[in-house]
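Presented below is the structure to which this report refers.
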Amino acid sequence: MKNGSRRIEVSIPDQSLTLWQGTEVLRQYSVSTAANGPGEQADSYCTPRGAHYVRALIGRDAPPGAVFVGRRFTGEIYSPSLARANPGRDWILTRILWLCGREVGKNRLGRVDTFRRYIYIHGSPDELAMGEPGSKGCIRMRNGDVIELFDLAYPGIPLTIHAN
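Using the working numbering, the first residue of the sequence shown is number 21, and each one after it goes up by one.
Take a look at the structure:
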C-alpha cells in the first residue's frame, strides 16, 4: 500500500494515538492530551477535535530531547537539571508535527484555528505521565515514540481527533 493510505487517529478518552495503513494498525502509542479536555477555542488550552492533517514536520535531524521554542531548536537538550532551572516551562521536545484543521468554523479559521493555536504532536520529558490528560492543548508523546511516528508520517497525512 502507498503511504497515501496512512492516517492517524487520536482518542482523547483512551489517551492513545493510532497510525493506520489502510485497515491495518501500524503503531499505537499512549499519549497525553489537554488537562482542560477537548475544545477548539483560542486560549482555551484544550485539544481540538475533528478532522485535521499534519501541515509541517519540524526537527528531523534534532537529537532526542532537543528543546524547541517557537518551533526552533534552542540548542538545549532536556535534562532534569534544565527542568529545575526552568520551573513551569512547557517542554516541547525532540520532534514537532504541526496540525492544521480541515473543518471551517470548527477547527479552522477564526478563533477555532488549530494551526494558529500552535497545536502539535510533540515529544515531552520522560517523567511526564502518558495515558492521562496533562498538556496545554497539544498531544504529548514519549520522545522515542514521537521519533518513530515522525519517520512514518508525512506532510498532509490525515489526522482525526475523537472525543468519544
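Positions of the beta carbon are idealized from the N, C-alpha and C atoms, including for glycine.
Close Cβ partners of residue i (< 6 Å) along its chain, the five nearest in sequence each way excluded
i, result
"residue 69", "58, 181 and 183"
"residue 193", "Residue 193 is absent from the model: the chain starts at 21 and stops at 184."
"residue 82", "93"
"residue 103", "none"
"residue 84", "114 and 163"
"residue 37", "30, 49 and 51"
Neighbourhood of residue i by C-beta distance below 8 Å, restricted to the same chain and skipping five residues each side
i, result
"residue 80", "115 and 170"
"residue 134", "60, 68, 72, 119, 120, 121, 127 and 128"
"residue 173", "26, 28, 39, 74, 77 and 117"
"residue 35", "50, 51, 52, 53, 150, 151, 152 and 153"
Cα-Cα separation between residue i and residue j, rounded to whole angstroms
i, j, result
"residue 112", "residue 65", "15 Å"
"residue 140", "residue 158", "5 Å"
"residue 21", "residue 123", "Note that residue 21 scores a pLDDT of 43, beneath 50, so its modelled location is shaky and nothing firm can be said."
"residue 39", "residue 88", "24 Å"
"residue 100", "residue 45", "34 Å"
"residue 106", "residue 61", "28 Å"
"residue 132", "residue 76", "19 Å"
"residue 142", "residue 125", "25 Å"
"residue 63", "residue 90", "17 Å"
Candidates the options, of which the one nearest residue i by Cα
i, options, result
"residue 147", "160, 167 and 137", "160"
"residue 73", "151, 30 and 82", "30"
"residue 137", "144, 121, 151 and 145", "121"
"residue 185", "54, 46 and 34", "Here the chain comprises residues numbered 21 to 184, so residue 185 is not present and cannot be evaluated."
"residue 175", "37, 143, 119 and 144", "119"
"residue 78", "107, 144, 98 and 117", "117"
"residue 98", "91, 107, 109 and 86", "86"
"residue 32", "173, 151 and 172", "151"
"residue 145", "179, 110 and 172", "110"
Cβ neighbours of residue i in the same chain (closer than 7 Å, five flanking residues each side left out)
i, result
"residue 25", "41 and 42"
"residue 177", "26, 27, 28, 73 and 74"
"residue 168", "47"
"residue 130", "none"
"residue 156", "54, 65 and 110"
"residue 149", "52"
"residue 96", "87 and 102"
Contact test: residue i Cβ vs the ligand GDP heavy atom, cutoff 7 Å
i, result
"residue 89", "No copy of the ligand GDP appears in this structure; indeed no ligand is present at all."
Threshold first: 4 residues or longer. Then list the alpha helix (DSSP H) segments lying entirely within the region 148-180, N to C. List check, alpha helix (DSSP H) in window: 163-172.
Every unbroken alpha helix (DSSP H) within the region 59-93, with a cutoff of 4 residues, ordered by chain: Here no run is fully enclosed.
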